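Under full-length UniProt numbering, the first residue of the sequence shown carries the number 1, and numbering increases by one thereafter. Think of the CB as a built atom: it goes at the ideal place given N, C-alpha and C, for glycine as much as any other residue. Bear in mind that the values here come from a model prediction, so they are computed numbers and not experimental data. So the structure is just underneath, and the comments pick up after that.
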Amino acid sequence: LQGNQSFICAGFDSWGKLPTGLYRQNGYALGNVDQCRAIERVRMQHCTFVEAFPSELEPLVFGLCVPQHCRPDFVKQLYWDFLVTKSVRLMSTVEQEVLCIRDEEIRYDAAMVTAIAATSDFRAISVIIGVCVMSSTSYEVITEILQRKPKPLYTSFSLIGNLRNILQVVPRVNQAHYKSGVIDCLHGIRSLSMIWIVVLHVNYYLNLVPWENDHARSEYLQGFMFALMQFSGSLAVDTFLTLGGMLAAMSMLRALDNTGKINPFALFLQRYIRITAPQAAVILFVVSFAGYMGEGVFWKLNVAIIKEPCMKNWWAALLHVQNYVDPENMCLVWTWYLSVDMQLYLITPALIYPLWRYGKRVLIAITGLALLSITCVITTFLIFKFRLSFFAPGDIVRRYNLTYYATHARMAVWLWGLAFGYLLHRTKDTGIHFPKRFWITGWIACLVTIGTIIFINFQIHTMTVDSSVIDAFYEPLSRSAFSFCVLWIILACVNGRGWLVDEFLGATVWQPLSRLSFCMYLLHLLLLVMASVASGKSTSHFSATDLFYRIWGAIGLTTSVALPWSAVFELPFVTLSKLALRS
Numbered sequence: 001l002q003g004n005q006s007f008i009c010a011g012f013d014s015w016g017k018l019p020t021g022l023y024r025q026n027g028y029a030l031g032n033v034d035q036c037r038a039i040e041r042v043r044m045q046h047c048t049f050v051e052a053f054p055s056e057l058e059p060l061v062f063g064l065c066v067p068q069h070c071r072p073d074f075v076k077q078l079y080w081d082f083l084v085t086k087s088v089r090l091m092s093t094v095e096q097e098v099l100c101i102r103d104e105e106i107r108y109d110a111a112m113v114t115a116i117a118a119t120s121d122f123r124a125i126s127v128i129i130g131v132c133v134m135s136s137t138s139y140e141v142i143t144e145i146l147q148r149k150p151k152p153l154y155t156s157f158s159l160i161g162n163l164r165n166i167l168q169v170v171p172r173v174n175q176a177h178y179k180s181g182v183i184d185c186l187h188g189i190r191s192l193s194m195i196w197i198v199v200l201h202v203n204y205y206l207n208l209v210p211w212e213n214d215h216a217r218s219e220y221l222q223g224f225m226f227a228l229m230q231f232s233g234s235l236a237v238d239t240f241l242t243l244g245g246m247l248a249a250m251s252m253l254r255a256l257d258n259t260g261k262i263n264p265f266a267l268f269l270q271r272y273i274r275i276t277a278p279q280a281a282v283i284l285f286v287v288s289f290a291g292y293m294g295e296g297v298f299w300k301l302n303v304a305i306i307k308e309p310c311m312k313n314w315w316a317a318l319l320h321v322q323n324y325v326d327p328e329n330m331c332l333v334w335t336w337y338l339s340v341d342m343q344l345y346l347i348t349p350a351l352i353y354p355l356w357r358y359g360k361r362v363l364i365a366i367t368g369l370a371l372l373s374i375t376c377v378i379t380t381f382l383i384f385k386f387r388l389s390f391f392a393p394g395d396i397v398r399r400y401n402l403t404y405y406a407t408h409a410r411m412a413v414w415l416w417g418l419a420f421g422y423l424l425h426r427t428k429d430t431g432i433h434f435p436k437r438f439w440i441t442g443w444i445a446c447l448v449t450i451g452t453i454i455f456i457n458f459q460i461h462t463m464t465v466d467s468s469v470i471d472a473f474y475e476p477l478s479r480s481a482f483s484f485c486v487l488w489i490i491l492a493c494v495n496g497r498g499w500l501v502d503e504f505l506g507a508t509v510w511q512p513l514s515r516l517s518f519c520m521y522l523l524h525l526l527l528l529v530m531a532s533v534a535s536g537k538s539t540s541h542f543s544a545t546d547l548f549y550r551i552w553g554a555i556g557l558t559t560s561v562a563l564p565w566s567a568v569f570e571l572p573f574v575t576l577s578k579l580a581l582r583s
């Protein structure tokens with residue numbers, strides 16, 4: 001210290017120290033990252049290692065502060081040699097490079113060069129988008145001042161116009177059945193399903209956070225609330241697939257009634273542009289700039305997990321075929337749903353036109369396809385002895401690839417929605433008239449079915465029910481049963497028998513959130529990972545309050561980012577595609 005060597009003490013002091021609670025799954029000793037990085041006399045780096053004790057104790061995640069000129073692999077080898085003398089070994093699962101934080105200049109790798117070359121440089125991206133937005137916005141403001149009618153082409157990128165379209169609230173029209181072409185309850189169903197998906201992934205990605213009381217999280221994972229939020233939450237995606245089939249059928253049948261024909265190419269192109277434009281922007285951000293958005297202990301590791309598949313399979317993601325091309329390395333893995341949706345939408349005209357032309361007889365073929373999909377999932381489960389519980393032994397990755405991401409395994413609920421869309425279209429002017437006791441019985445059956453699905457789900461995932469045969473039948477049948485419940489709710493609301501449920505789901509407050517649901521789905525997981533680990537340099541304490549805070553924080557953050565993202569990357573291209581196809 002007298003020799004002005006205090007930086008040595010500061011570096012050593014920033015090392016991790018053996019934590020208390022090792023016997024309660026507290027295996028994190030990350031040290032003080034900021035103190036290590038603040039040393040100026042010698043440029044330092046913070047490296048994290050995972051150590052395994054020769055006992056049943058939890059592995060220890062230990063942080064060291066070492067000079068930056070030492071390469072991570074060299075530091076790892078020195079530390080390995082030291083630990084061997086203490087009967088402790090390192091657990092080497094990833095490259096040490098992604099577990100070291102140091103001063104780094106922006107490296108212009110292939111991804112960065114590609115992203116920059118697309119618009120000359122990063123500033124040009126902002127300039128081009130900014131010029132379009134500012135010019136379009138200014139044009140709309142000027143036309144409003146001059147009280148002239150603006151041209152849609154020139155206002156396509158208008159921030160004011162697009163935000164107005166997203167946030168506008170259309171008053172409800174009292175109607176006993178579907179007439180206007182707007183089903184108000186869909187806004188609530190879509191919004192709540194999106195919120196459920198966010199809650200699902202907040203629970204799923206709790207393992208990204210270094211908890212000092214990980215035993216509390218482990219106990220929560222085996223509780224009913226986790227089963228409700230996590231395992232049953234995957235049914236929310238089936239809701240979107242069901243609605244997708246229903247709305248696709250209704251729009252195509254309406255076009256056939258009006259013109260007697262549909263243009264599959266135009267329909268597919270418009271949907272492709274709407275989905276792919278904001279998705280491409282997210283992929284560009286991930287492969288180029290996401291790595292520089294944080295300096296958390298585990299940030300580089302998680303960015304690499306997200307970025308590397310996009311470097312390899314970005315083209316499959318943009319063509320929406322990645323769920324079959326390379327399901328184990330999907331770019332933005334949660335966008336598997338977009339691949340399924342696009343593939344099903346592509347084949348929908350081949351089912352809708354015969355349905356419009358020949359009527360109810362085609363419903364037999366649609367039902368047969370749905371049952372074939374269900375049978376395929378059951379057979380796959382039985383052949384490979386797949387289990388649904390994460391606590392059961394089995395190949396989870398293979399199960400997801402064959403029965404979760406695959407379009408043929410998920411198309412049953414889409415087909416149920418498609419058939420239901422035909423029913424709504426045929427009864428749009430007359431409605432469906434049943435005695436009141438029928439509707440009450442239907443509501444009771446709907447609520448009992450949903451409760452049964454959730455209860456059995458909890459029993460299966462907590463290993464109370466331990467049977468691969470039950471798992472095989474439960475997986476596809478529960479999804480179809482839940483889809484029927486969603487369709488029943490829509491049927492009741494459309495025909496004026498939704499009562500308080502219709503008032504709640506059809507409330508105008510859901511409309512903006514419903515319009516943002518696509519961009520929210522596209523962005524929520526990336527934002528969740530960023531919020532969890534981008535700046536994380538210390539442990540957290542798990543509690544119900546913390547979980548509640550994370551859930552609402554994720555919903556708020558996702559909504560806040562999705563709003564401008566939709567206004568800049570989604571709605572402008574929707575408008576341009578409509579204008580191009582119209583011309």
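Helix, strand or coil for residue 219? Go by DSSP, reduced to three states.
Here residue 219 refers to the residue found at position 219 of the sequence shown. Helix.
Apply the 10 Å Cβ neighbour rule to residue 121 and answer buried if 16 or more other Cβ atoms are within range, or exposed otherwise.
Here residue 121 refers to the residue found at position 121 when the sequence shown is read from its first residue. For residue 121, the pLDDT reaches just 46, beneath the cut-off of 50, and the residue's location in the model is therefore unreliable, although a value from the coordinates is still provided. With fewer than 16 other Cβ atoms within 10 Å, it is exposed.
Where the alpha helix (DSSP H) containing residue 62 begins and where it ends
Residue numbering aside, residue 62 sits at position 62 when the sequence shown is read from its first letter. Counting along the chain, residue 62 falls outside any alpha helix (DSSP H), though it belongs to the beta strand (DSSP E) covering 60-67.
By Cβ distance below 6 Å, which residues in the same chain neighbour residue 580 in space, the five residues on each side in sequence not counted?
Position 580 of the sequence shown, counting from 1, holds the residue named residue 580. In the same chain as residue 580, and ignoring 5 residues on each side of it, no C-beta atom comes closer than 6 Å to its own.
Under 7 Å Cβ to Cβ from residue 415, same chain only, skipping five residues before and after it: list those, please.
The residue given as residue 415 occupies position 415 in the sequence shown. Closer than 7 Å at Cβ, skipping near neighbours: 245, 366, 369, 370.
Distance check for residue 489 and residue 178, CA to CA, integer angstroms please.
On the sequence shown, position 178 is the one that residue 178 refers to. On the sequence shown, position 489 is the one that residue 489 refers to. Legend: pLDDT at residue 178 = 48, less than 50; position of this residue unreliable, value from coordinates given subsequently. Rounded to the nearest angstrom, the gap between the Cα atoms of residue 178 and residue 489 is 14 Å.
Do residue 266 and residue 378 count as a contact pair if the criterion is CB distance below 7 Å?
Sequence index remark: in the sequence shown, residue 378 carries index 378 (1-based). Sequence index remark: in the sequence shown, residue 266 carries index 266 (1-based). Not a contact, by the Cβ cut-off of 7 Å.
Cα-Cα, which of 165, 256, 576, 492 is closest to residue 353?
Along the sequence shown, one-based indexing puts residue 353 at 353. Out of 165, 256, 576, 492, 256 has the C-alpha closest to the C-alpha of residue 353.
Should residue 433 go down as buried or exposed, given a rule of 16 or more other Cβ atoms within 10 Å for buried?
Locating residue 433 in the sequence shown gives position 433, where the first residue counts as 1. So residue 433 ends up on the exposed side.
Per DSSP, which residues does residue 622 bridge with? Please list them.
Nothing can be reported for residue 622, as the shown portion of the chain is limited to 1 through 583.
Label residue 18 either buried or exposed according to how many other C-beta atoms from any shown protein chain fall within 10 Å of its C-beta, with 16 as the threshold for buried.
Taking the sequence shown and counting its residues from 1, the one referred to as residue 18 is at position 18. Around the CB of residue 18, fewer than 16 other CB atoms lie within 10 Å, so the residue is classed as exposed.
Quick one: which unbroken alpha helix (DSSP H) runs of 4-plus residues sit fully inside the stretch 379-439? Chain order, please.
Runs of the alpha helix (DSSP H) inside the stretch 379-439: 396-403, 407-426.
Would you check if there are 3 or more beta carbon pairs closer than 8 Å linking the stretch 45-61 to the stretch 71-88?
Yes, they touch.
For residue 507, which of helix, strand or coil comes out of DSSP?
By 1-based counting over the sequence shown, the position of residue 507 is 507. Three-state DSSP puts residue 507 in coil, outside helix and strand.
Which runs of the alpha helix (DSSP H) fall wholly inside the stretch 509-538 and span at least 4 residues, in chain order?
510-515, 517-533, all fully within the stretch 509-538.
Can you tell me where the alpha helix (DSSP H) holding residue 462 begins and where it ends?
Residue 462 sits at position 462 when you count from the first residue of the sequence shown. Note, residue 462: premise wrong, no alpha helix (DSSP H); not H, not E.
Could you round the C-beta distance between residue 222 and residue 204 to whole angstroms and report it? I think they count as a contact, below 8 Å.
Indexing the sequence shown from 1 puts residue 222 at position 222. Indexing the sequence shown from 1 puts residue 204 at position 204. Not confirmed; about 15 Å, so no contact.
Out of 329, 196, 140, state which residue places its alpha-carbon closest to the alpha-carbon of residue 405.
As a working mapping, residue 405 is identified with position 405 in the sequence shown. Nearest C-alpha to residue 405: 329.
Use the C-beta contact count for residue 54: other C-beta atoms within 10 angstroms, 16 or more gives buried, fewer gives exposed.
As a working mapping, residue 54 is identified with position 54 in the sequence shown. Exposed, because fewer than 16 other Cβ atoms sit within 10 Å of the Cβ of residue 54.
Helix, strand or coil at residue 178 according to DSSP, with G and I counted as helix
For this step, residue 178 is matched to residue 178 along the sequence shown. Unreliable placement is indicated for residue 178, whose pLDDT of 48 sits below 50; the coordinate value is still reported in the next sentence. DSSP places residue 178 in coil when its eight states are reduced to three.
Taking the alpha-carbon of residue 243 as reference, which of 574, 395, 491 has the nearest alpha-carbon?
Taking the sequence shown and counting its residues from 1, the one referred to as residue 243 is at position 243. That would be 491, whose Cα lies nearest to the Cα of residue 243.
According to the neighbour-count rule (16 or more other Cβ atoms, all chains shown, within 10 Å of its Cβ), is residue 199 buried or exposed?
Here the question's residue 199 lines up with position 199 in the sequence shown. Burial call: buried.
State the Cα-Cα distance for the pair residue 571 and residue 455, rounded to the nearest angstrom.
By 1-based counting over the sequence shown, the position of residue 571 is 571. By 1-based counting over the sequence shown, the position of residue 455 is 455. Distance between the alpha carbons of residue 571 and residue 455: 40 Å.
Among the residues of its own chain, which have a CB less than 6 Å from the CB of residue 574, if the five just before and after it don't count?
Within the sequence shown, the letter at position 574 stands for residue 574. These residues qualify, in order along the chain: 274.
For residue 497, the nearest candidate out of 516, 508, 440 (CA to CA)
Walking along the sequence shown from the start, residue 497 turns up at place 497. Checked all of 516, 508, 440; the closest Cα to residue 497 is 440.
If you drop the 5 nearest sequence neighbours on each side, which residues of the same chain put their C-beta closer than 6 Å to that of residue 524?
As a working note, residue 524 is residue 524 in the sequence shown. So the qualifying residues of the chain are 198, 558.
Nearest-angstrom Cα separation, counted from residue 51 out to residue 501:
To locate residue 501, count along the sequence shown from 1; it is residue 501. To locate residue 51, count along the sequence shown from 1; it is residue 51. Going by the C-alpha atoms only, they are around 54 Å apart.
Measuring alpha carbon to alpha carbon, tell me which residue in 79, 401, 84, 36 is nearest residue 67.
As a first step, residue 67 must be located in the sequence shown, where it is residue number 67. When only C-alpha atoms are compared, the closest one is 36.
Can you tell me where the alpha helix (DSSP H) holding residue 298 begins and where it ends?
Here residue 298 is taken as the residue at index 298 of the sequence shown, counted from 1. That residue, residue 298, is in no alpha helix (DSSP H); it is neither H nor E in DSSP.
Evaluate residue 38 with the Cβ neighbour count: other Cβ atoms within 10 Å of its Cβ, from every protein chain shown; 16 or more gives buried, anything less gives exposed.
Numbered from its first residue, the sequence shown carries residue 38 at position 38. It counts as exposed.
In angstroms with no decimal places, state the Cα-to-Cα distance between residue 263 and residue 252.
Mapped onto the sequence shown, residue 263 falls at position 263. Mapped onto the sequence shown, residue 252 falls at position 252. The alpha-carbon separation between residue 263 and residue 252 amounts to approximately 9 Å.
Sort 157, 128, 511 by Cα distance to residue 140 and report the nearest one.
As a position in the sequence shown, residue 140 is number 140, starting the count at 1. Among 157, 128, 511, the Cα nearest to that of residue 140 belongs to 157.
Please classify residue 322 as buried or exposed, where buried requires at least 16 neighbouring CB atoms within 10 angstroms.
For the purposes of this step, residue 322 is taken as residue 322 along the sequence shown, with counting starting at 1. Residue 322 comes out buried.
Tell me the DSSP bridge mates of residue 100?
Sequence index remark: in the sequence shown, residue 100 carries index 100 (1-based). 47, per the DSSP bridge assignment.
Per DSSP, cross-strand counterpart(s) of residue 211
The residue given as residue 211 occupies position 211 in the sequence shown. 540, per the DSSP bridge assignment.
To the nearest angstrom, how far is the alpha carbon of residue 372 from that of residue 183?
Position 372 of the sequence shown holds residue 372. Position 183 of the sequence shown holds residue 183. Whole-angstrom Cα-Cα distance: 30 Å.
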